[in-house]
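Comments concern the structure below.
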Amino acid sequence: MRALFLVNQVAELIPSMTTARMVVAAARAGIESWVAELGGLSVDAGGMPTIRARLAPTSLDALGELRGAEARSLAVEASDAVLVRLNPARFGAPQQLEFTLWMLGLLARRGVAVINPAAALERTATKAFLSELPAALRPAQAVAADVDDVLAAIHRLGPEVVIKPARGTRGIGVIAVDARTTNPRPLVELLLDRGAVVVQELLPDAAAGDTRIVLVDGEPLVVEGELVAVRRIPAAGELRSNLHAGGRPAAATLSEGERALLKELGPHLRAAGLRVVGVDVLAGKVLELNVWAPGGLGPFERTTGIDAAPALVEALLKGLS
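Here you go:
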(Lines of atoms letter the chains of each structure in order from A and count residues from 1; the text may use other names and numbers.)
(Lines give C-alpha, C1' and ligand atoms only; values in the text may rest on other atoms or scores of the structure.)
Protein backbone atom coordinates (compact mmCIF):
# COMPACT_ATOMS: atom_id res chain seq x y z
CA MET A 1 0.00 0.00 0.00
CA ARG A 2 1.10 3.54 -0.72
CA ALA A 3 -0.16 6.44 1.38
CA LEU A 4 0.52 10.10 0.73
CA PHE A 5 0.31 12.68 3.52
CA LEU A 6 -0.41 16.20 2.25
CA VAL A 7 0.84 19.00 4.53
CA ASN A 8 1.32 22.75 4.36
CA GLN A 9 5.07 22.64 4.98
CA VAL A 10 7.32 19.66 5.73
CA ALA A 11 9.67 21.89 7.73
CA GLU A 12 6.94 22.47 10.32
CA LEU A 13 6.59 18.80 11.28
CA ILE A 14 7.78 18.15 14.82
CA PRO A 15 7.46 14.97 16.94
CA SER A 16 4.62 16.30 19.10
CA MET A 17 2.34 16.89 16.10
CA THR A 18 -0.43 14.42 15.30
CA THR A 19 0.49 14.55 11.61
CA ALA A 20 4.11 13.58 12.30
CA ARG A 21 2.98 10.73 14.51
CA MET A 22 0.63 9.44 11.82
CA VAL A 23 3.34 9.63 9.15
CA VAL A 24 5.79 7.63 11.24
CA ALA A 25 3.13 5.13 12.38
CA ALA A 26 2.22 4.40 8.76
CA ALA A 27 5.86 3.88 7.78
CA ARG A 28 6.45 1.61 10.77
CA ALA A 29 3.44 -0.47 9.74
CA GLY A 30 5.14 -1.27 6.44
CA ILE A 31 3.07 1.17 4.40
CA GLU A 32 4.98 2.97 1.67
CA SER A 33 4.41 6.44 3.09
CA TRP A 34 5.24 9.75 1.48
CA VAL A 35 4.97 13.33 2.70
CA ALA A 36 4.22 16.13 0.26
CA GLU A 37 3.73 19.85 0.53
CA LEU A 38 0.66 21.56 -0.82
CA GLY A 39 2.69 23.53 -3.35
CA GLY A 40 3.98 20.33 -4.99
CA LEU A 41 0.63 19.38 -6.52
CA SER A 42 0.31 19.75 -10.29
CA VAL A 43 -1.19 18.22 -13.42
CA ASP A 44 1.23 17.47 -16.24
CA ALA A 45 0.67 18.06 -19.96
CA GLY A 46 -0.81 14.59 -20.29
CA GLY A 47 -3.44 15.21 -17.64
CA MET A 48 -1.63 13.14 -15.00
CA PRO A 49 -1.79 14.47 -11.40
CA THR A 50 1.72 14.57 -9.96
CA ILE A 51 3.29 15.68 -6.72
CA ARG A 52 6.74 16.21 -5.26
CA ALA A 53 7.06 14.06 -2.15
CA ARG A 54 9.58 12.75 0.37
CA LEU A 55 9.71 9.19 1.69
CA ALA A 56 8.52 9.07 5.30
CA PRO A 57 10.90 8.01 8.08
CA THR A 58 10.13 5.21 10.55
CA SER A 59 11.22 7.25 13.56
CA LEU A 60 10.13 10.59 14.99
CA ASP A 61 13.79 11.30 15.65
CA ALA A 62 14.41 11.20 11.88
CA LEU A 63 12.02 14.04 11.03
CA GLY A 64 15.03 16.29 10.50
CA GLU A 65 16.20 13.97 7.73
CA LEU A 66 12.77 14.25 6.13
CA ARG A 67 13.08 18.03 5.99
CA GLY A 68 16.45 17.75 4.29
CA ALA A 69 15.54 14.95 1.89
CA GLU A 70 15.18 15.57 -1.83
CA ALA A 71 11.60 15.44 -3.07
CA ARG A 72 10.73 13.02 -5.86
CA SER A 73 8.03 13.48 -8.47
CA LEU A 74 5.28 10.87 -8.07
CA ALA A 75 2.14 10.01 -10.00
CA VAL A 76 -0.49 10.57 -7.34
CA GLU A 77 -2.85 8.03 -8.89
CA ALA A 78 -0.40 5.31 -7.88
CA SER A 79 -1.29 6.00 -4.25
CA ASP A 80 -4.02 4.09 -2.46
CA ALA A 81 -4.83 7.01 -0.20
CA VAL A 82 -4.14 10.70 0.26
CA LEU A 83 -4.44 11.77 3.88
CA VAL A 84 -5.11 15.49 3.99
CA ARG A 85 -3.32 17.21 6.85
CA LEU A 86 -3.68 20.85 5.84
CA ASN A 87 -4.59 24.10 7.57
CA PRO A 88 -6.84 26.07 5.20
CA ALA A 89 -6.49 29.20 7.32
CA ARG A 90 -2.85 29.30 6.30
CA PHE A 91 -3.38 29.02 2.55
CA GLY A 92 -2.21 31.93 0.44
CA ALA A 93 -4.56 33.25 -2.23
CA PRO A 94 -8.13 31.87 -2.40
CA GLN A 95 -7.17 30.21 -5.68
CA GLN A 96 -4.84 27.88 -3.76
CA LEU A 97 -7.76 26.50 -1.77
CA GLU A 98 -9.86 26.15 -4.91
CA PHE A 99 -7.09 24.35 -6.79
CA THR A 100 -6.40 22.01 -3.87
CA LEU A 101 -10.04 21.01 -3.55
CA TRP A 102 -10.29 20.47 -7.30
CA MET A 103 -7.17 18.29 -7.28
CA LEU A 104 -8.42 16.21 -4.36
CA GLY A 105 -11.74 15.75 -6.11
CA LEU A 106 -9.98 14.70 -9.31
CA LEU A 107 -7.96 12.10 -7.41
CA ALA A 108 -11.09 10.69 -5.80
CA ARG A 109 -12.79 10.41 -9.19
CA ARG A 110 -9.77 8.44 -10.40
CA GLY A 111 -9.99 5.93 -7.58
CA VAL A 112 -7.70 7.35 -4.89
CA ALA A 113 -9.16 7.40 -1.36
CA VAL A 114 -8.98 10.99 -0.10
CA ILE A 115 -9.26 11.38 3.68
CA ASN A 116 -11.15 13.56 4.43
CA PRO A 117 -12.91 13.77 1.03
CA ALA A 118 -12.73 17.00 -0.95
CA ALA A 119 -16.48 17.63 -0.83
CA ALA A 120 -16.45 17.28 2.95
CA LEU A 121 -13.44 19.57 3.27
CA GLU A 122 -15.04 22.23 1.10
CA ARG A 123 -18.21 22.08 3.18
CA THR A 124 -16.28 22.40 6.44
CA ALA A 125 -13.54 24.82 5.39
CA THR A 126 -14.87 27.42 7.83
CA LYS A 127 -16.36 27.35 11.32
CA ALA A 128 -19.70 28.27 9.76
CA PHE A 129 -20.32 24.54 9.17
CA LEU A 130 -21.30 24.18 12.81
CA SER A 131 -24.51 26.07 11.96
CA GLU A 132 -25.61 23.06 9.88
CA LEU A 133 -25.84 20.88 12.97
CA PRO A 134 -29.07 20.70 14.98
CA ALA A 135 -29.32 23.58 17.45
CA ALA A 136 -29.47 21.15 20.38
CA LEU A 137 -25.94 19.92 19.65
CA ARG A 138 -24.09 23.25 19.50
CA PRO A 139 -24.00 26.73 21.01
CA ALA A 140 -26.34 29.30 19.56
CA GLN A 141 -24.35 31.09 16.88
CA ALA A 142 -24.55 33.42 13.91
CA VAL A 143 -22.21 33.94 10.98
CA ALA A 144 -21.87 37.33 9.29
CA ALA A 145 -19.53 39.55 7.28
CA ASP A 146 -21.24 42.90 7.87
CA VAL A 147 -20.62 45.06 10.94
CA ASP A 148 -24.28 45.75 11.64
CA ASP A 149 -25.20 42.09 11.24
CA VAL A 150 -22.47 41.07 13.69
CA LEU A 151 -23.59 43.71 16.21
CA ALA A 152 -27.16 42.48 15.90
CA ALA A 153 -25.98 38.92 16.57
CA ILE A 154 -24.10 40.10 19.68
CA HIS A 155 -27.27 41.81 20.91
CA ARG A 156 -29.34 38.69 20.24
CA LEU A 157 -26.93 36.11 21.69
CA GLY A 158 -25.27 38.23 24.39
CA PRO A 159 -24.54 40.24 26.26
CA GLU A 160 -21.55 37.88 26.68
CA VAL A 161 -20.41 36.25 23.45
CA VAL A 162 -17.37 34.76 21.79
CA ILE A 163 -16.34 36.10 18.38
CA LYS A 164 -13.97 34.13 16.17
CA PRO A 165 -12.84 34.28 12.53
CA ALA A 166 -14.94 31.98 10.36
CA ARG A 167 -11.67 30.69 8.92
CA GLY A 168 -9.23 30.60 11.78
CA THR A 169 -6.72 28.37 13.51
CA ARG A 170 -5.06 27.79 16.88
CA GLY A 171 -7.34 30.24 18.66
CA ILE A 172 -5.93 33.22 16.78
CA GLY A 173 -8.39 36.12 16.70
CA VAL A 174 -10.82 34.53 19.17
CA ILE A 175 -12.12 37.07 21.68
CA ALA A 176 -14.78 37.25 24.37
CA VAL A 177 -16.98 40.34 24.41
CA ASP A 178 -19.31 41.62 27.11
CA ALA A 179 -21.52 44.18 25.42
CA ARG A 180 -22.48 45.61 28.83
CA THR A 181 -18.96 46.90 29.45
CA THR A 182 -17.37 47.10 26.00
CA ASN A 183 -18.26 48.85 22.78
CA PRO A 184 -17.85 45.91 20.37
CA ARG A 185 -17.95 47.90 17.13
CA PRO A 186 -14.18 48.68 16.87
CA LEU A 187 -13.29 45.05 17.63
CA VAL A 188 -15.82 43.78 15.09
CA GLU A 189 -14.52 46.15 12.41
CA LEU A 190 -10.98 44.91 13.05
CA LEU A 191 -11.95 41.23 12.90
CA LEU A 192 -13.98 41.69 9.72
CA ASP A 193 -10.85 42.88 7.92
CA ARG A 194 -9.96 39.17 7.74
CA GLY A 195 -13.39 38.04 6.53
CA ALA A 196 -16.61 36.72 8.02
CA VAL A 197 -16.85 35.95 11.73
CA VAL A 198 -18.78 33.56 13.92
CA VAL A 199 -20.61 34.92 16.95
CA GLN A 200 -21.34 32.29 19.62
CA GLU A 201 -23.09 32.47 22.95
CA LEU A 202 -20.61 32.24 25.82
CA LEU A 203 -21.11 28.79 27.31
CA PRO A 204 -21.02 28.17 31.08
CA ASP A 205 -17.69 27.08 32.54
CA ALA A 206 -15.79 28.22 29.43
CA ALA A 207 -12.88 29.22 31.63
CA ALA A 208 -12.59 25.61 32.87
CA GLY A 209 -11.61 24.38 29.40
CA ASP A 210 -13.00 22.01 26.79
CA THR A 211 -12.40 18.40 25.76
CA ARG A 212 -11.02 17.27 22.40
CA ILE A 213 -12.25 13.84 21.25
CA VAL A 214 -11.11 12.05 18.09
CA LEU A 215 -13.87 10.41 16.07
CA VAL A 216 -13.39 8.03 13.13
CA ASP A 217 -16.38 7.35 10.87
CA GLY A 218 -18.61 9.03 13.42
CA GLU A 219 -17.47 6.87 16.34
CA PRO A 220 -15.09 7.81 19.18
CA LEU A 221 -11.67 6.24 18.67
CA VAL A 222 -10.79 3.84 21.48
CA VAL A 223 -7.24 2.54 21.96
CA GLU A 224 -6.27 0.05 24.67
CA GLY A 225 -9.62 0.60 26.29
CA GLU A 226 -9.15 4.38 26.47
CA LEU A 227 -11.21 6.94 24.61
CA VAL A 228 -8.81 9.11 22.59
CA ALA A 229 -9.64 12.40 24.25
CA VAL A 230 -7.84 15.12 26.15
CA ARG A 231 -9.07 17.92 28.33
CA ARG A 232 -7.61 21.32 27.46
CA ILE A 233 -7.34 23.80 30.31
CA PRO A 234 -6.83 27.50 29.49
CA ALA A 235 -4.03 29.51 31.03
CA ALA A 236 -4.96 31.81 33.92
CA GLY A 237 -7.04 34.74 32.70
CA GLU A 238 -7.41 33.18 29.24
CA LEU A 239 -10.60 32.03 27.52
CA ARG A 240 -8.95 30.00 24.76
CA SER A 241 -8.04 26.42 25.65
CA ASN A 242 -5.94 25.85 22.51
CA LEU A 243 -2.56 24.43 23.41
CA HIS A 244 -0.97 26.91 20.99
CA ALA A 245 -2.55 29.69 23.07
CA GLY A 246 -1.04 28.46 26.32
CA GLY A 247 -3.59 25.83 27.31
CA ARG A 248 -2.39 22.68 29.03
CA PRO A 249 -3.56 19.10 28.52
CA ALA A 250 -5.08 16.92 31.21
CA ALA A 251 -6.68 13.49 31.32
CA ALA A 252 -10.26 13.53 30.05
CA THR A 253 -13.28 11.79 31.52
CA LEU A 254 -16.49 12.08 29.54
CA SER A 255 -19.85 12.31 31.25
CA GLU A 256 -22.82 10.24 30.14
CA GLY A 257 -24.28 13.38 28.63
CA GLU A 258 -21.15 13.99 26.56
CA ARG A 259 -21.14 10.39 25.36
CA ALA A 260 -24.78 10.77 24.34
CA LEU A 261 -23.87 14.00 22.52
CA LEU A 262 -21.19 12.19 20.49
CA LYS A 263 -23.59 9.39 19.67
CA GLU A 264 -26.10 11.90 18.31
CA LEU A 265 -23.37 13.78 16.43
CA GLY A 266 -21.96 10.71 14.67
CA PRO A 267 -24.64 10.30 11.97
CA HIS A 268 -24.27 13.97 10.98
CA LEU A 269 -20.53 13.56 10.51
CA ARG A 270 -20.98 10.41 8.42
CA ALA A 271 -23.65 12.15 6.32
CA ALA A 272 -21.15 14.94 5.61
CA GLY A 273 -18.61 12.35 4.42
CA LEU A 274 -16.15 13.02 7.25
CA ARG A 275 -13.84 10.09 8.09
CA VAL A 276 -11.81 11.66 10.92
CA VAL A 277 -12.82 14.61 13.09
CA GLY A 278 -11.51 16.29 16.21
CA VAL A 279 -14.56 17.33 18.23
CA ASP A 280 -14.26 20.03 20.89
CA VAL A 281 -16.94 19.67 23.56
CA LEU A 282 -17.84 22.17 26.27
CA ALA A 283 -20.83 22.30 28.61
CA GLY A 284 -22.60 19.51 26.75
CA LYS A 285 -22.29 21.23 23.37
CA VAL A 286 -20.11 20.78 20.27
CA LEU A 287 -17.97 23.90 20.39
CA GLU A 288 -15.92 23.26 17.23
CA LEU A 289 -15.19 20.58 14.64
CA ASN A 290 -11.63 20.10 13.36
CA VAL A 291 -11.62 18.24 10.05
CA TRP A 292 -8.67 19.35 7.91
CA ALA A 293 -5.92 18.20 10.27
CA PRO A 294 -7.49 17.14 13.57
CA GLY A 295 -4.93 16.80 16.32
CA GLY A 296 -4.74 15.72 19.92
CA LEU A 297 -2.67 12.52 19.76
CA GLY A 298 0.41 14.10 21.30
CA PRO A 299 -1.38 15.47 24.38
CA PHE A 300 -3.32 12.20 24.65
CA GLU A 301 -0.08 10.24 24.85
CA ARG A 302 1.37 12.65 27.39
CA THR A 303 -1.63 12.17 29.69
CA THR A 304 -2.16 8.43 29.21
CA GLY A 305 1.12 6.98 27.93
CA ILE A 306 -0.73 5.53 24.93
CA ASP A 307 0.38 6.11 21.34
CA ALA A 308 -2.89 6.25 19.40
CA ALA A 309 -1.33 7.01 15.99
CA PRO A 310 -1.02 3.38 14.81
CA ALA A 311 -4.68 2.69 15.61
CA LEU A 312 -5.83 5.87 13.88
CA VAL A 313 -3.84 5.10 10.71
CA GLU A 314 -5.07 1.51 10.68
CA ALA A 315 -8.69 2.59 11.06
CA LEU A 316 -8.45 5.12 8.22
CA LEU A 317 -6.63 2.84 5.77
CA LYS A 318 -8.39 -0.41 6.60
CA GLY A 319 -9.65 -2.19 3.50
CA LEU A 320 -7.84 0.02 0.98
CA SER A 321 -4.98 -2.27 0.04
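Residue numbers for the sequence shown follow my numbering, so the first one is 7 and each next one is one higher. Note that CB positions come from ideal geometry on N, CA and C, so glycine has one too.
By the 10 Å Cβ neighbour count, where 16 or more other Cβ atoms means buried, how is ARG238 classified, buried or exposed? Your numbering for residue 238 matches position 232 in the sequence shown. ARG238 should be labelled buried.
Do ALA289 and PRO210 come within 8 angstroms of each other at the CB atom, strictly closer than that value? Sequence index remark: in the sequence shown, residue 210 carries index 204 (1-based). Sequence index remark: in the sequence shown, residue 289 carries index 283 (1-based). Yes, these two residues count as a Cβ contact at 8 angstroms.
Could you give the distance in angstroms between the alpha-carbon of ALA212 and the alpha-carbon of ALA277? As a first step, residue 212 must be located in the sequence shown, where it is residue number 206. As a first step, residue 277 must be located in the sequence shown, where it is residue number 271. Separation of ALA212 and ALA277 (C-alpha to C-alpha, rounded to the nearest whole angstrom) is 29 angstroms.
In angstroms, rounded to a whole number, what distance separates the CA positions of LEU157 and PRO190? By 1-based counting over the sequence shown, the position of residue 157 is 151. By 1-based counting over the sequence shown, the position of residue 190 is 184. It is roughly 7 angstroms from the alpha-carbon of LEU157 to the alpha-carbon of PRO190.
Looking at the structure shown, is ALA119 part of a helix, part of a strand, or coil, going by DSSP? Numbered from its first residue, the sequence shown carries residue 119 at position 113. It is a strand residue.
Helix, strand or coil: how does DSSP classify THR309 here? Position 303 of the sequence shown, counted from the first residue, corresponds to residue 309. THR309 carries a helical assignment under DSSP once its states are collapsed to helix, strand and coil.
What number of angstroms, rounded off, separates the C-alpha of ARG34 from the C-alpha of LEU61? By one-based count along the sequence shown, residue 34 stands at place 28. By one-based count along the sequence shown, residue 61 stands at place 55. Rounded to the nearest whole angstrom, the CA to CA distance from ARG34 to LEU61 is 12 angstroms.
contact_flag[the segment 134–150, the segment 187–205] where n(CB pairs < 8 angstroms) is 3 or more: A contact exists between the segment 134–150 and the segment 187–205.
Contacting residues, own chain, Cβ-Cβ under 6 angstroms from VAL204 (five flanking each side not counted): Numbered from 1 along the sequence shown, position 198 holds the residue referred to as residue 204. If you ignore the 5 residues before and after VAL204, its C-beta comes within less than 6 angstroms of the C-beta of LYS133, GLN147, VAL149, LYS170, ALA172, all in its own chain and listed in chain order.
Assuming ALA87 and ALA9 make a contact with CB atoms under 8 angstroms, what is their CB distance in whole Å? On the sequence shown, position 81 is the one that residue 87 refers to. On the sequence shown, position 3 is the one that residue 9 refers to. 5 angstroms between Cβ atoms; contact.
In this structure, how does DSSP classify LEU196 when only helix, strand and coil are distinguished? The residue given as residue 196 occupies position 190 in the sequence shown. Three-state DSSP puts LEU196 in a helix.
Close beta carbons around ILE339, own chain, < 6 angstroms, minus the five adjacent residues each side: Here the chain comprises residues numbered 7 to 327, so residue 339 is not present and cannot be evaluated.
With three or more beta-carbon pairs closer than 8 angstroms as the criterion, would you say the segment 46–58 touches the segment 76–94? Under the 8 angstroms Cβ criterion, the segment 46–58 counts as touching the segment 76–94, having at least three qualifying pairs.
Please go through the same chain and pick out, in chain order, the residues whose beta-carbon is closer than 8 angstroms to the beta-carbon of GLY46, but skip the five residues on each side of it. The residue labelled residue 46 in the question sits at position 40 within the sequence shown. Scanning its chain for C-beta atoms nearer than 8 angstroms, with the 5 sequence neighbours on each side dropped, one finds around GLY46 the residues ILE57, ARG58, ALA59, ALA77, in chain order.
Applying the criterion that 16 or more other CB atoms from any shown protein chain within 10 Å of the CB defines a buried residue, is SER85 buried or exposed? Here residue 85 refers to the residue found at position 79 when the sequence shown is read from its first residue. Buried, by the Cβ-count rule.
What do you get for ALA17, buried or exposed, if any count of 16 or more other CB atoms within 10 angstroms of its CB means buried? On the sequence shown, residue 17 is found 11 positions in, with the first residue counted as 1. Around the beta-carbon of ALA17, fewer than 16 other beta-carbon atoms lie within 10 Å, marking it exposed.
Can you tell me whether GLN15 is helix, strand or coil according to DSSP? Here residue 15 refers to the residue found at position 9 when the sequence shown is read from its first residue. GLN15 falls in the coil class under three-state DSSP.
Are the CB atoms of ASN14 and GLU38 nearer to each other than 8 angstroms? As a working note, residue 14 is residue 8 in the sequence shown. As a working note, residue 38 is residue 32 in the sequence shown. Not closer than 8 angstroms, so no.
For the segment 162–218, which segments carrying the alpha helix (DSSP H) assignment without a break, of at least 4 residues, lie completely within its bounds, in sequence order? Counting only unbroken stretches of 4 or more residues, the alpha helix (DSSP H) elements lying wholly within the segment 162–218 are 191–198, in sequence order.
Pull the bridge partners of SER79 from the DSSP assignment, please. In the sequence shown, residue 79 corresponds to position 73, counting from 1. ARG58, per the DSSP bridge assignment.
Helix, strand or coil: which one does DSSP assign to ASP286? In the sequence shown, residue 286 corresponds to position 280, counting from 1. Strand at ASP286.
PHE306 and VAL234 closer than 8 angstroms at C-beta: Locating residue 306 in the sequence shown gives position 300, where the first residue counts as 1. Locating residue 234 in the sequence shown gives position 228, where the first residue counts as 1. In contact: PHE306 and VAL234 (Cβ atoms closer than 8 angstroms).
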